[in-house]
Each structure stands twice: as structure tokens, then as C-alpha cells.
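Protein chains in written order, with UniProt numbering: chain A, 1 to 262; chain B, 1 to 267. Think of the CB as a built atom: it goes at the ideal place given N, C-alpha and C, for glycine as much as any other residue. Working notes for the structure below.
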Amino acid sequence: MIEVQHLCKTFRVARRGAGFGQAVKTLFHREYEEVKALDDVSFSISEGEMVGYIGPNGAGKSSTIKILSGILTPDSGVCSINGRIPWKNRTAHVKDIGVVFGQRTQLWWDVPVIDSYELLKDIYSISEDTYQANLEELTSLLNLSELLKTPARQLSLGQRMRCEIAASLLHSPKILFLDEPTIGLDAVSKLAVRDFIVKCNEKYRTTVILTTHDMQDIEALTDRIILIGKGKILLDGTLDDIPGADRGLDQAVADLYRRFRI
Amino acid sequence: MRKYLSFFRIRFSMGLQYRAAAAAGIVTQFVWGGMEVLVFRAFYRADPGAFPMTLQATCSYIWLQQAFLALFMAWLMENEIFDCIKNGNVSYEMCRPMDIYTMWFTRSAANRISKAVLRCMPILLAAGFLPAPYGMTLPVSPKAAVLFLTGMLLGFLVVVAFCMLVYVVTFFTISPDGVRMVAVSAVELLAGSIIPLPFFPDSVRTVLELLPFASMQNVPLRIYSGDLAGEAAVLALALQVFWLAVLVLLGKLLMRRAEKKITVQGG
Numbered sequence: 001m002i003e004v005q006h007l008c009k010t011f012r013v014a015r016r017g018a019g020f021g022q023a024v025k026t027l028f029h030r031e032y033e034e035v036k037a038l039d040d041v042s043f044s045i046s047e048g049e050m051v052g053y054i055g056p057n058g059a060g061k062s063s064t065i066k067i068l069s070g071i072l073t074p075d076s077g078v079c080s081i082n083g084r085i086p087w088k089n090r091t092a093h094v095k096d097i098g099v100v101f102g103q104r105t106q107l108w109w110d111v112p113v114i115d116s117y118e119l120l121k122d123i124y125s126i127s128e129d130t131y132q133a134n135l136e137e138l139t140s141l142l143n144l145s146e147l148l149k150t151p152a153r154q155l156s157l158g159q160r161m162r163c164e165i166a167a168s169l170l171h172s173p174k175i176l177f178l179d180e181p182t183i184g185l186d187a188v189s190k191l192a193v194r195d196f197i198v199k200c201n202e203k204y205r206t207t208v209i210l211t212t213h214d215m216q217d218i219e220a221l222t223d224r225i226i227l228i229g230k231g232k233i234l235l236d237g238t239l240d241d242i243p244g245a246d247r248g249l250d251q252a253v254a255d256l257y258r259r260f261r262i
Numbered sequence: 001m002r003k004y005l006s007f008f009r010i011r012f013s014m015g016l017q018y019r020a021a022a023a024a025g026i027v028t029q030f031v032w033g034g035m036e037v038l039v040f041r042a043f044y045r046a047d048p049g050a051f052p053m054t055l056q057a058t059c060s061y062i063w064l065q066q067a068f069l070a071l072f073m074a075w076l077m078e079n080e081i082f083d084c085i086k087n088g089n090v091s092y093e094m095c096r097p098m099d100i101y102t103m104w105f106t107r108s109a110a111n112r113i114s115k116a117v118l119r120c121m122p123i124l125l126a127a128g129f130l131p132a133p134y135g136m137t138l139p140v141s142p143k144a145a146v147l148f149l150t151g152m153l154l155g156f157l158v159v160v161a162f163c164m165l166v167y168v169v170t171f172f173t174i175s176p177d178g179v180r181m182v183a184v185s186a187v188e189l190l191a192g193s194i195i196p197l198p199f200f201p202d203s204v205r206t207v208l209e210l211l212p213f214a215s216m217q218n219v220p221l222r223i224y225s226g227d228l229a230g231e232a233a234v235l236a237l238a239l240q241v242f243w244l245a246v247l248v249l250l251g252k253l254l255m256r257r258a259e260k261k262i263t264v265q266g267g
């Protein structure tokens, strides 16, 4: 159960124009701009739900995920996940969640993937039986058997992504945050990952929150979507609530972004 | 505890992987040590009475320092930690049910120990076979040996705790370069890695010996060479414990503040 109420987060960004003159000017006078990454965001997600969290670049999707996973502390607002406040009880909270950041890596670069997994096993205190069972299942579902003995640095982006997803699920998390998990995947891997997420949700009732720009991900995975733009929640509903969704989701979502001027 | 141990293990085994780097390090340190010995020999020839330590003690100091360089050099910091703060990969570190300070402390310690293990033996052996007074002697007494080992462990932990401060400060400054350069230069000079602390003028030395930098390599190396003994040695160990506590506490406090106001770089 995820409860979010009136979450706000601002970032201070230093801005300047291009060129040498501007660079010298900022030596003496620096202009900061407050960017509202989240502006009064509220929603609630019940156990076992799959939610697509969409919005244009810089809308505040990743910031939300980072607050929910205990990495960022919001300026104001309430957030409770299974009774815990993520940023206050960070270590207890993160035991129950799995996070995949599509553009980052959690695998140790120079050692075979399986070594990173063994480390995660100890970090999350996963019992031997659970670890073996999960590893076996993940290996077959995500087709990893060839990859486990390879150092992470020698994997292609898509191969690594599959390994990353498996790494985030070894400890059987109750909640899964996926921040653009299908970045760089080929068609086969993409389908495999989607399939896998659906299975996870059906079998273990894992709550899944997914941000993506790939509308097919949304179509294949989630019933509910939350649309965020410029830090505000603009729409919380189902795919049918998007006007013109039947004519092609990409076009419909682009129209929606335009309508909201985000 | 177990998770930190296995964290130690993976970093340690990664450090053991780089054989060519270790071989190159051994050669460099041997040549460097030899050069230092020659320089001091020239000085001592001019007037042996003018120096606070005997040439033999100074040579032991130098060889021991070269052998355990990886334990005590401040510049041996973890670039991955700086990178992960700078590019935002720290997100994943924060998703682990672990205390970040302890996790990074373990990691830095493991890296240093793995490097030292690979490098110390050949240097110690070779230095042991050099003719007196240019080589290394055994510790003056069994008691000195025990004091030396204690001092080495404490000094090593003080170094790691000091480097932890530099990592944590990077959360606030984003670029590690400035702080790192100042910190490393300060340690080089004030910890006695360029010249042993007894060689400083008395008035300066009295102050230097109280600073945290003197609680690093200065204590074990001087105990080993017999320059620091008896009550003075025990006092120096106590000061090491004090600085270790202060640095760890300060680091943890700063880390807690950093965690509250952290910004993840790069989206």
C-alpha cells in the first residue's frame, strides 16, 4: 500500500547562457532558478497493482521514484509505504523494494555478473534456498544462463539490462520500481521483460510502478496510468481515459501533452 | 555484519586481480625507497649528529613506509565512489539496506589491504637483505612489535576515516578535485610521508604531533624503528584512538546531513 499526499520537491538549478562572456559573468553573479520537480503530488496505489507513470522528459517521474525508494527527501508532503516513511526508515524500507534505474548500473563492472548476485544475496540476507530458487527462475525467464559468467563491462546494453532487472528481484521484493526498464532492449528482450513483469505480478502480487516513454510497455503491462507534467498530476485513470487512445497510443499521448502544455 | 564482510570480500578479491599493477608498484616503491635512502645517506655523511634519528632508524622507516604504502597514502582513494556521487549512480548505493558510511569504509579498507598484501612481502624481504644501516632491522623488542602492529592498525583506520571525510564532502561540492588535492597534499607533508616528523623544527613538531595527520603512518613507523617507545608510544596510540573516534563521528554526522539533502546528478 503506497500513500502519497501533497509531495513537493524543488531543485535549485544554476543557469547561464552560452559563451565565454557569460561564463565570466557567472563568476560574480550567479543566477539560480527554482525548478519545481514535484508540485503537490498525491496518489495512492494498493497492493498488487501495476501502474504506469508517464509524462514528458523532466516531468518529475524519476524524482517521484527516488522519493518512493528512499533516496531523496522531499521538501514537504507525506508518503507512507507499507506503514514506513521511505526517507526516514531507509534501510528497513529498501529491504522490501526492488528498483531498476534503466540508465544506471548496479552490477560490479569488472567481475562476472554472478559475483554481483552473490554479493546482493549477502547484502539482502537472502537465504540459500530462496536465492537458488529465484536465481533459477530469473535465469530461465530472462534467458541469462549465457550471461552470468561474463563480466558486466562486456555485456551489451540490452543484455546488461536483463541482468540488472534480475539483480533487483533476487530478494523477492514486494514492490518493484522500474524507471525506464526497457531502454535499449531489442524486440525479443523487450517482450521477455514485459512477460516477466506480468508473471511476477500475477504470481507474487508484486506491486509494480513503471515509468517509460514506450507506450507499448504501458499497453502491455498496466491498466492504470498516472500522467505527470511539470511536477503536477494531470490525469489518474485508465488507458481509456486518454482521448483517441484507440487510434494509436503514441499520437494520443502526444496530443495530451500538447493539450496540457507540458 | 555478514553483509559488510562479503562486501569486503568482493572488493578484496577485485584488488587481487591486478597483478601487473602490483608488480609495477613494487618496482616503483623499491626504486623510490632506494632514492630516499641515498638522499638521507648524503645528509648523514655531512653531520650525523645533526639528525634526530639514526640513519638505521630512518632507513627502517623508509622501507616500512614503502612496503605498506597502500595502507597509508591518502591519494589512494576510491574513484568509483567519487564517480558514483558525481554521475548519480549513488542512487543504487542508497537502495541497499546498509549504512552507507560503513559500506564505503569497508570498501576502502578492503581495497587498501588487498593492495598492501600484494606489495609488502617482496619489499620487506629485499630490504631485510640490504646491508646495515641501509636495510631494515627487526623491531627492537617483542613489546615494540606488539605496539607497532596496534599502531599500524589504528593508523590505517585513521587514514580510511580521513578519506571518508573527503568522499562525504563531495556530496556537497559535487566535484571532488579541490578538496581531494588539498587533503592529499596536507597528508603528504603533515603525516611524515615526505620526511619523518622528528625532522621538523621542535616548535612545529610539537603542534604537528597533536594533529590527526600524525596519527597515521607516523606512529607505527616510528615505534618500529625505535624512535617512539615506552610511555610516549602508548600516549601516541591513545591519541590515535581519539582521532579515529573524532573522524568517524564527524564523517557519520556529515553523511547523515548529506543523505537528507542529496541531489542525484544526471536525472
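Quick one: what does DSSP say B/F68 is sitting in, helix, strand or coil?
Stepping through the second sequence from its first residue, residue 68 of chain B is reached at position 68. Coil at B/F68, not helix or strand.
For A/I218, tell me which candidate among A/R194, A/E136, A/N201 has the shortest Cα-Cα distance.
The residue given as residue 218 of chain A occupies position 218 in the first sequence. With distances taken between Cα atoms, A/I218 lies closest to A/R194.
Closer than 6 Å by C-beta to B/L124: which residues in its own chain qualify, once you throw out the five before and the five after it? Chain order, please.
One-based indexing of the second sequence puts residue 124 of chain B at position 124. Taken in chain order, the residues that qualify are A67.
For chain A, is any of its Cβ atoms less than 7 Å away from the one on B/P97?
By one-based count along the second sequence, residue 97 of chain B stands at place 97. Chain A, which has a Cβ nearer than 7 Å to the Cβ of B/P97, makes this yes.
Would you grab the beta carbon distance between B/I223 and B/L147 for me? Rounded to a whole angstrom, and I think it's under 8 Å.
The residue labelled residue 223 of chain B in the question sits at position 223 within the second sequence. The residue labelled residue 147 of chain B in the question sits at position 147 within the second sequence. Contact flag correct, Cβ pair sits at about 5 Å.
Which class does B/Y61 belong to by DSSP, given the choice of helix, strand or coil?
The sequence position of residue 61 of chain B within the second sequence is 61, counting from 1. Note: B/Y61 maps to helix in three-state DSSP.
From B/P97 to A/S172, what does the alpha carbon distance come to, in whole angstroms?
Here residue 97 of chain B is taken as the residue at index 97 of the second sequence, counted from 1. Here residue 172 of chain A is taken as the residue at index 172 of the first sequence, counted from 1. For B/P97 and A/S172, the distance between alpha carbons rounds to 14 Å.
Contact criterion: CB-CB distance below 7 Å. Does A/L119 meet it with respect to chain B?
What you label residue 119 of chain A is simply residue 119 of the first sequence in a count that begins at 1. It does; some Cβ of chain B falls within 7 Å.
On the DSSP bridge assignment, give the partners of A/M50 in chain order.
As a first step, residue 50 of chain A must be located in the first sequence, where it is residue number 50. In DSSP, A/M50 forms a bridge with A/V208.
What is the C-beta distance between A/L148 and A/P112, in whole angstroms, given that I count them as a contact (C-beta under 8 Å)?
Counted from its first residue, the first sequence places residue 148 of chain A at position 148. Counted from its first residue, the first sequence places residue 112 of chain A at position 112. Indeed they touch by this definition, with Cβ atoms about 7 Å apart.
Could you confirm whether any beta carbon from chain A is found closer than 7 Å to the beta carbon of B/Y92?
Sequence index remark: in the second sequence, residue 92 of chain B carries index 92 (1-based). Closer than 7 Å to some Cβ of chain A, the Cβ of B/Y92 qualifies, so yes.
Where in the region 74 to 156 of chain A do unbroken runs of the alpha helix (DSSP H), each at least 4 residues long, occur, reported from the N-terminal end onward?
90 to 94, 113 to 123, 128 to 142
Assign B/R11 to one of three DSSP states: helix, strand, or coil.
By 1-based counting over the second sequence, the position of residue 11 of chain B is 11. Helix at B/R11.
Report all residues from its chain with a CB closer than 6 Å to the CB of B/V169; omit the five preceding and five following residues, and keep chain order.
For this step, residue 169 of chain B is matched to residue 169 along the second sequence. Within the same chain, B/V169 has close Cβ partners V179.
Per-residue contacts from A/F28 into chain B (C-beta, under 8 Å)
Counted from its first residue, the first sequence places residue 28 of chain A at position 28. The premise fails here: A/F28 is roughly 20 Å from chain B at the closest Cβ pair, so nothing lies under 8 Å.
For the alpha helix (DSSP H) containing A/T26, name the first residue and the last one.
Your numbering for residue 26 of chain A matches position 26 in the first sequence. It spans 20 to 28 - the alpha helix (DSSP H) in which A/T26 sits, taken as one unbroken run.
Helix, strand or coil for A/V13? Go by DSSP, reduced to three states.
Translated into the one-based positions of the first sequence, residue 13 of chain A becomes position 13. DSSP places A/V13 in strand when its eight states are reduced to three.
State the DSSP-derived secondary structure class of A/S44, mapped to helix, strand or coil.
If you number the first sequence from 1, residue 44 of chain A lands on position 44. Three-state result, A/S44: strand.
DSSP puts A/T238 in a beta bridge; with which residues?
As a first step, residue 238 of chain A is located in the first sequence; it is residue number 238 there, counting from the start. In DSSP, A/T238 forms a bridge with A/R224.
Mapping DSSP to helix, strand and coil, what is B/L130?
Residue 130 of chain B sits at position 130 when you count from the first residue of the second sequence. Coil at B/L130, not helix or strand.
Can you give the beta carbon distance from A/T64 to A/L38, rounded, assuming they're within the 8 Å contact cut?
As a position in the first sequence, residue 64 of chain A is number 64, starting the count at 1. As a position in the first sequence, residue 38 of chain A is number 38, starting the count at 1. The Cβ separation is near 6 Å, so the contact holds.
Ranges of the alpha helix (DSSP H) found wholly within the region 136 to 203 of chain B, counting only runs of at least 4
142 to 173, 177 to 190
Under the DSSP definition of a beta bridge, which residues are partnered with A/L176?
To locate residue 176 of chain A, count along the first sequence from 1; it is residue 176. In the DSSP output, where bridge partners are listed per residue, A/L176 has A/G98, A/V208.
Roughly how far, in whole angstroms, is the beta-carbon of B/A258 from the beta-carbon of B/F172, given that I think they are within contact range, below 8 Å?
Here the question's residue 258 of chain B lines up with position 258 in the second sequence. Here the question's residue 172 of chain B lines up with position 172 in the second sequence. Indeed, because the Cβ distance is near 7 Å, the residues count as touching under 8 Å.
Could one say the Cβ of B/R2 lies closer than 7 Å to chain A's Cβ atoms, at least one of them?
Your numbering for residue 2 of chain B matches position 2 in the second sequence. Answer yes: the Cβ-Cβ gap between B/R2 and chain A drops below 7 Å somewhere.
Interface residues of the region 129 to 148 of chain A facing chain B [CB-CB below 8 Å]
none
Minimum Cβ-Cβ distance from B/S6 to chain A less than 7 Å
Within the second sequence, residue 6 of chain B is the residue found at index 6, counting from 1. Closer than 7 Å: yes.
Just the Cα atoms here: how many angstroms apart are A/I197 and A/Q5?
As a position in the first sequence, residue 197 of chain A is number 197, starting the count at 1. As a position in the first sequence, residue 5 of chain A is number 5, starting the count at 1. One C-alpha to the other measures close to 27 Å.
Residues near A/G244 by beta carbon distance below 8 Å, same chain, minus five either side
Locating residue 244 of chain A in the first sequence gives position 244, counting from the first residue. Here the set comprises Q251, A252, D255.
Measuring CB to CB, does A/L138 end up less than 7 Å from A/A166?
Along the first sequence, read from residue 1 onward, the residue named residue 138 of chain A stands at position 138. Along the first sequence, read from residue 1 onward, the residue named residue 166 of chain A stands at position 166. Yes, these two residues count as a Cβ contact at 7 Å.
Around the C-beta of A/A18, are 16 or more other C-beta atoms found within 10 angstroms, so that it is buried, or is it exposed?
The count along the first sequence starts at 1 and reaches residue 18 of chain A at position 18. It counts as exposed.
If we call anything under 7 Å between Cβ atoms a contact, is B/C163 one with B/M77?
Residue 163 of chain B sits at position 163 when you count from the first residue of the second sequence. Residue 77 of chain B sits at position 77 when you count from the first residue of the second sequence. Their beta carbons are under 7 Å apart, which means B/C163 touches B/M77 by this criterion.
Residue-chain proximity (A/D122, chain B), Cβ-Cβ < 7 Å:
What you label residue 122 of chain A is simply residue 122 of the first sequence in a count that begins at 1. It does; some Cβ of chain B falls within 7 Å.
Nearest-angstrom Cα distance between B/A42 and B/G33?
The residue labelled residue 42 of chain B in the question sits at position 42 within the second sequence. The residue labelled residue 33 of chain B in the question sits at position 33 within the second sequence. Between B/A42 and B/G33, the C-alpha separation is close to 14 Å.
Distance cutoff 7 Å, beta carbons only. Does B/N111 sit that close to anything in chain A?
Position 111 of the second sequence, counted from the start, is the residue given in the question as residue 111 of chain B. Closer than 7 Å: no.
Using a Cβ-Cβ distance cut-off of 7 Å, determine whether B/K252 contacts chain A.
Working through the second sequence from its first residue, we reach residue 252 of chain B at position 252. With 7 Å as the cut-off, B/K252 does not count as an interface residue toward chain A.
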